[in-house]
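Chemist: To start, I am sharing the structure in question, which I have written as structure tokens.
There are 4 protein chains.
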Amino acid sequence: MALSRAVKRKENLASSDSKRDLIIAAARRVFESEGLEGASLRGIAKEAGYTPAALYFHFDSKEALYAEILAESLEALAKRVNAAFRSETDLENRLRRAAMAFYYFYSANPRDLDLGFYLFKGGMSPVGLGKERDNKLNDQLWEALAPINQAFLDLGQDEDQAKALTAGTFAHTSGMLLLEHTGRMRLFDTTGELLMHSYLDNQLKLIADKS
Amino acid sequence: MALSRAVKRKENLASSDSKRDLIIAAARRVFESEGLEGASLRGIAKEAGYTPAALYFHFDSKEALYAEILAESLEALAKRVNAAFRSETDLENRLRRAAMAFYYFYSANPRDLDLGFYLFKGGMSPVGLGKERDNKLNDQLWEALAPINQAFLDLGQDEDQAKALTAGTFAHTSGMLLLEHTGRMRLFDTTGELLMHSYLDNQLKLIADKS
Amino acid sequence: MALSRAVKRKENLASSDSKRDLIIAAARRVFESEGLEGASLRGIAKEAGYTPAALYFHFDSKEALYAEILAESLEALAKRVNAAFRSETDLENRLRRAAMAFYYFYSANPRDLDLGFYLFKGGMSPVGLGKERDNKLNDQLWEALAPINQAFLDLGQDEDQAKALTAGTFAHTSGMLLLEHTGRMRLFDTTGELLMHSYLDNQLKLIADKS
Amino acid sequence: MALSRAVKRKENLASSDSKRDLIIAAARRVFESEGLEGASLRGIAKEAGYTPAALYFHFDSKEALYAEILAESLEALAKRVNAAFRSETDLENRLRRAAMAFYYFYSANPRDLDLGFYLFKGGMSPVGLGKERDNKLNDQLWEALAPINQAFLDLGQDEDQAKALTAGTFAHTSGMLLLEHTGRMRLFDTTGELLMHSYLDNQLKLIADKS
DNA sequence: TATGAATGAGTATTCATTCAT
DNA sequence: TATGAATGAATACTCATTCAT
Chain A
3 MALSRAVKRK ENLASSDSKR DLIIAAARRV FESEGLEGAS LRGIAKEAGY TPAALYFHFD
63 SKEALYAEIL AESLEALAKR VNAAFRSETD LENRLRRAAM AFYYFYSANP RDLDLGFYLF
123 KGGMSPVGLG KERDNKLNDQ LWEALAPINQ AFLDLGQDED QAKALTAGTF AHTSGMLLLE
183 HTGRMRLFDT TGELLMHSYL DNQLKLIADK S
Chain B
3 MALSRAVKRK ENLASSDSKR DLIIAAARRV FESEGLEGAS LRGIAKEAGY TPAALYFHFD
63 SKEALYAEIL AESLEALAKR VNAAFRSETD LENRLRRAAM AFYYFYSANP RDLDLGFYLF
123 KGGMSPVGLG KERDNKLNDQ LWEALAPINQ AFLDLGQDED QAKALTAGTF AHTSGMLLLE
183 HTGRMRLFDT TGELLMHSYL DNQLKLIADK S
Chain C
3 MALSRAVKRK ENLASSDSKR DLIIAAARRV FESEGLEGAS LRGIAKEAGY TPAALYFHFD
63 SKEALYAEIL AESLEALAKR VNAAFRSETD LENRLRRAAM AFYYFYSANP RDLDLGFYLF
123 KGGMSPVGLG KERDNKLNDQ LWEALAPINQ AFLDLGQDED QAKALTAGTF AHTSGMLLLE
183 HTGRMRLFDT TGELLMHSYL DNQLKLIADK S
Chain D
3 MALSRAVKRK ENLASSDSKR DLIIAAARRV FESEGLEGAS LRGIAKEAGY TPAALYFHFD
63 SKEALYAEIL AESLEALAKR VNAAFRSETD LENRLRRAAM AFYYFYSANP RDLDLGFYLF
123 KGGMSPVGLG KERDNKLNDQ LWEALAPINQ AFLDLGQDED QAKALTAGTF AHTSGMLLLE
183 HTGRMRLFDT TGELLMHSYL DNQLKLIADK S
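In order, the protein sequence lines correspond to chains A, B, C and D.
Counting from 1 along the first sequence, just add 2 to a position and that's the residue number in the working numbering.
Counting from 1 along the second sequence, just add 2 to a position and that's the residue number in the working numbering.
Counting from 1 along the third sequence, just add 2 to a position and that's the residue number in the working numbering.
Counting from 1 along the fourth sequence, just add 2 to a position and that's the residue number in the working numbering.
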């Protein structure tokens, strides 16, 4: 008749988690339409169909909620980049695919970029977040970059070289996204996508030339 | 009596302008110590020795004041980059010097970077700023990038190529500054300066290889 | 099966009571470290290892919980004062001991004083508490004052005189504790303890002079 | 025709001050009807016919507003006690009058007592107030007690004795007010006023006996 | 008996901006 | 040109309490 306690608890947990997810989803929606600064706890709560106070049952603070969103975003990013990496066997294309996956992800979700910069600002958040969360986010970021790093290793670069190349690619991509996001790309009559491809071609050429 | 009206007006204008500059200087000081989010009109007014209301005689809005600061910053940046460009006769070093001047400027004044991103966000400001000001800022930005573009032209690139190369250099530099500013460079055991040099070396090598 | 229902109920009762005591103890701890204003139901619940909602099974309201704590405190106070009274046979010292026991109790537990003032404020609590509880607390307070009253009776005062003397001693002691608690005693380069002794000496002298 | 600037400024000042006083008066009214805990900035602002934000133009914080009220209260108290002291030439009655003026003041304005205890709690306020204000309040308190102290001096007590006697009188009065304020006086079938008189008579008798 | 989830009312304070003077 | 005074909307967050489960 009745469900066993264990099952019930599981269901509650699922329900609880799904509520968290509901709130996070609502927060994402608000972010997307209002931007980071425009997204208030009140607004998020309203969008989620809750009282502001209710959110505090699920998240310790606004920043913690933000961090959760960023974490989910980074997770999705990492999945995307890894999938792109794995979808290719050609070593050169692997790099291209992985790096472009990174680029396309943020090109499609520009607000997530803001979020990342906001929470990473100064290397730590102003309010809470704390070191543990910073470390966690760093780890997640690295997981998204790891395929790119691996691609460079696979192309014959040693560990230090690969790391530097990954950093360069990350920076280049971030900058490119920034220019597009802030509408400055118009100055140059070109697109970030094009420039990304050219950057990657150059990297591959340079690597090929070395050997 | 003593002074003619015309002279008086001129003096007032001068005095007015110097007051503007005083306010802008105060705002810069506040930005540097408090950051973009921490800088309030009240705080700026206090630092300038004025009432908040007084600032509205000199600037239409907070954003307008910000824009003015950004304009000054871009002007200083342009001067710096141009001077670096002119200080060199060797074509390759010209590029290096100009690009690194850009990098060093923001590395030393990271808050100015924030300001730029903030005001350029979305291609237009939320409140005022308007198209004219956006255009003006774009022009100023281009003035800071022009020497880099010229260096590429001098290295034998055609106009389109130079523009794309300038865009790439701009993006790369911006991304690098971003990574450093947000403390993410630590992930890679290297520095933005080093990576900048390596990027520029690669660009020069690729150009040389082409011909 | 094994245990009879009656026994079970008793056990439950005992268990319930011990839980109550656990909560009260937790609340006391929170009071002592956070003060009256700083003590929230949430904090108390956490300290007790419960959910806030759980406390409502044991206490009708926050005020009711407070009242319980005050009741325990008054009980302890009464015990202390009675013991002090009984520990002496000399009539004059009996008064001194009893009154000083009162003083020392609150001097050591200043938060309990706050609690008393808070709950007694206006003669009744804002929310619940009600008349029964007020009467109960009054009774308990009187039990703590009874030894002092008895001491005055033993010193030959009639009932009315003793009551008035008790009231005076109570007021004097309370005021003294208040001055110390609020740091105002510093104005006078003396201590509450000293002044208490001098007050009691005077009372005894006045009584002696009368006869 | 027009008013001179100096006059205008004076008027403005007067107007500004009167607005402060208006707010303070409103705050007092709210205190009296709602009590200390029930008095919120919002409520005070509403009562004063202002927006909460407007109060911050006149007072730095809620605590600062409270402190101002307490300061005014203490000033009025001091005036009252001094006047009582001066109205008498008979040395014994001087003490009586001054001490009873103190008592009557708080008996008529019991909320002011709360305010004093609240702001003096722990010798310093939790939020702001700061040492300067604490010192100022202490000074004001002493000004209200000075006549009592003088009365003891006039009765032939040396400085130390007078100080201790003043402390004792202050404590006794405070305690008496407390008992009345919290409705505990009912336990003793007497009144604070009566007990105050009897306390003062005793003090005078003890002083007379000494010499 | 206890929890998880939620509420609604409340908190002090800050913000950019306006306007009469 | 500048101020003093004020606004209205917003902010994140806390509270005691309730209720279905």
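C-beta: ideal position from N, C-alpha, C; glycine also.
Step through the CB atoms of chain B and report whether any lies within less than 7 Å of the CB of A:L181.
Modeler: Yes, A:L181 counts as interfacial toward chain B.
Chemist: Whose C-beta lies closer than 7 Å to the C-beta of A:S127 among residues of the same chain, with five residues either side of it excluded?
Modeler: Summary for A:S127: the model assigns pLDDT 43, below 50, so the residue's position carries little reliability; its value from the coordinates is reported in the next sentence. Within the same chain, A:S127 has close Cβ partners E65 and L121.
Chemist: Return the chain-ordered list of same chain residues with a C-beta closer than 7 Å to the C-beta of C:R44, the five sequence neighbours on each side being excluded.
Modeler: Around C:R44: P54.
Chemist: Go to B:N84, then tell me how far its alpha helix (DSSP H) extends in each direction, as first and last residue.
Modeler: Residues K64 to R88.
Chemist: With a CB to CB cut of under 6 Å and the five nearest residues on each side skipped, what residues in its chain are close to B:D116?
Modeler: Here the set comprises L38.
Chemist: First and last residue of the alpha helix (DSSP H) that includes B:Q205?
Modeler: Segment G194 to K212, the alpha helix (DSSP H) holding B:Q205.
Chemist: Could you name the residues of the same chain whose beta carbon sits closer than 8 Å to that of D:S109, not counting the 5 residues immediately before and after it, in chain order?
Modeler: Counting only Cβ-Cβ distances below 8 Å, and skipping sequence neighbours, we find L179, E182, G194 and E195.
Chemist: C:N137: buried (16+ other C-beta within 10 angstroms of its C-beta) or exposed?
Modeler: C:N137 should be labelled exposed.
Chemist: Looking at the C-beta of A:M198, does it have a partner C-beta in chain B at a distance below 7 Å?
Modeler: No, A:M198 lies away from the interface with chain B (no Cβ there is under 7 Å from its Cβ).
Chemist: To be precise: take each residue of the segment 185 to 196 of chain C, compare its Cβ to all Cβ atoms of chain D, and keep it if any distance is under 9 Å. Which residues remain?
Modeler: Here the close residues are G185, R186, M187, R188, L189, F190, D191, T192, G194 and L196.
Chemist: With A:H60 as the anchor, note down where its alpha helix (DSSP H) starts and where it stops.
Modeler: Counting along the chain, the alpha helix (DSSP H) containing A:H60 begins and ends at P54 to H60.
Chemist: Around the Cβ of D:K165, are there at least 16 other Cβ atoms within 10 angstroms (buried) or fewer (exposed)?
Modeler: D:K165 should be labelled buried.
Chemist: Could you pull the start and end residues of the alpha helix (DSSP H) that D:E157 belongs to?
Modeler: Looking at the sequence itself, residue 157 of chain D is Leu, so the reference to Glu does not match. Note, D:L157: premise wrong, no alpha helix (DSSP H); not H, not E.
Chemist: From B:F190, B:Q163, B:D191 and B:H174, pick the residue whose C-alpha is nearest to that of A:D191; which is it?
Modeler: A:D191 has its Cα closest to that of B:Q163, out of B:F190, B:Q163, B:D191 and B:H174.
Chemist: Taking the Cβ atom as the reference point for each residue, do B:R96 and B:F104 lie within a distance shorter than 7 Å?
Modeler: It is not a contact, given that the beta carbons lie outside the stated cut-off.
Chemist: For the putative contact between D:G170 and C:Y201, defined by C-beta atoms under 8 Å, what is the C-beta separation to the nearest angstrom?
Modeler: At roughly 6 Å, the Cβ-Cβ gap stays under 8 Å, so D:G170 and C:Y201 are in contact.
Chemist: For the candidate residues A:L157, A:E49, A:L139 and A:K21, whose alpha-carbon lies nearest to that of A:A78?
Modeler: Nearest of A:L157, A:E49, A:L139 and A:K21 to A:A78, Cα basis: A:L139.
Chemist: So, is the C-beta of B:M178 closer than 7 Å to a C-beta in chain A?
Modeler: At least one chain A Cβ lies under 7 Å of B:M178.
Chemist: Do C:L147 and C:T168 have their beta-carbon atoms positioned less than 7 Å apart in this structure?
Modeler: Cβ atoms of C:T168 and C:L147: closer than 7 Å.
Chemist: Please decide whether A:F122 counts as near chain B, where near means a Cβ-Cβ distance under 7 Å.
Modeler: Answer yes: the Cβ-Cβ gap between A:F122 and chain B drops below 7 Å somewhere.
Chemist: Assuming C:A28 contacts C:E49 (C-beta within less than 8 Å), just tell me the rounded distance between them.
Modeler: Sure, about 4 Å apart at Cβ, within 8 Å.
Chemist: Using CA atoms only, rank isn't needed, just tell me which of B:D19, B:D211 and B:S176 is closest to B:L197.
Modeler: That would be B:S176, whose Cα lies nearest to the Cα of B:L197.
Chemist: Considering just the uninterrupted stretch of the alpha helix (DSSP H) at A:F122, what are its terminal residues?
Modeler: First-last of the alpha helix (DSSP H) with A:F122: P112 to F122.
Chemist: Out of curiosity, what's the CA-to-CA distance linking D:H199 and D:M102?
Modeler: Each residue's Cα considered, the two are about 8 Å apart.
Chemist: Starting from the beta carbon of C:G170, find every residue of chain D whose beta carbon is closer than 8 Å, and list them in chain order.
Modeler: Here the neighbours are H174, L197, S200 and Y201.
Chemist: Within the 7 Å Cβ cut-off, does A:N151 reach chain B?
Modeler: Answer no: the Cβ-Cβ gap between A:N151 and chain B never drops below 7 Å.
Chemist: Looking at chain C, is there any beta carbon in it that lies within less than 7 Å of the beta carbon of D:A166?
Modeler: Yes, D:A166 counts as interfacial toward chain C.
Chemist: Please check if any C-beta of chain D sits within less than 7 Å of the C-beta of C:N204.
Modeler: C:N204 counts as touching chain D.
Chemist: Does DSSP classify C:D19 as helix, strand or coil?
Modeler: The answer is helix: DSSP assigns C:D19 an H, G or I state.
Chemist: I'd like the span of the alpha helix (DSSP H) that includes D:L189, first residue to last.
Modeler: From DSSP, D:L189 is part of no alpha helix (DSSP H); its letter is neither H nor E.
Chemist: Using a Cβ-Cβ distance under 7 Å, would B:L208 count as near chain A?
Modeler: At least one chain A Cβ lies under 7 Å of B:L208.
Chemist: Out of D:R22, D:F59 and D:N111, which one is the CA nearest neighbour of D:L76?
Modeler: The residue with the shortest Cα to Cα distance from D:L76 is D:N111.
Chemist: Distance, Cα to Cα, D:D211 vs C:G158?
Modeler: Cα to Cα, D:D211 sits roughly 22 Å from C:G158.
Chemist: Can you pull the chain A neighbours of B:N140, defined as C-beta to C-beta under 7 Å?
Modeler: What B:N140 touches in chain A: L189.
Chemist: Can you give the Cα-Cα distance for B:S89 and B:L155, rounded to whole angstroms?
Modeler: In a straight line, the C-alpha of B:S89 is about 17 Å away from that of B:L155.
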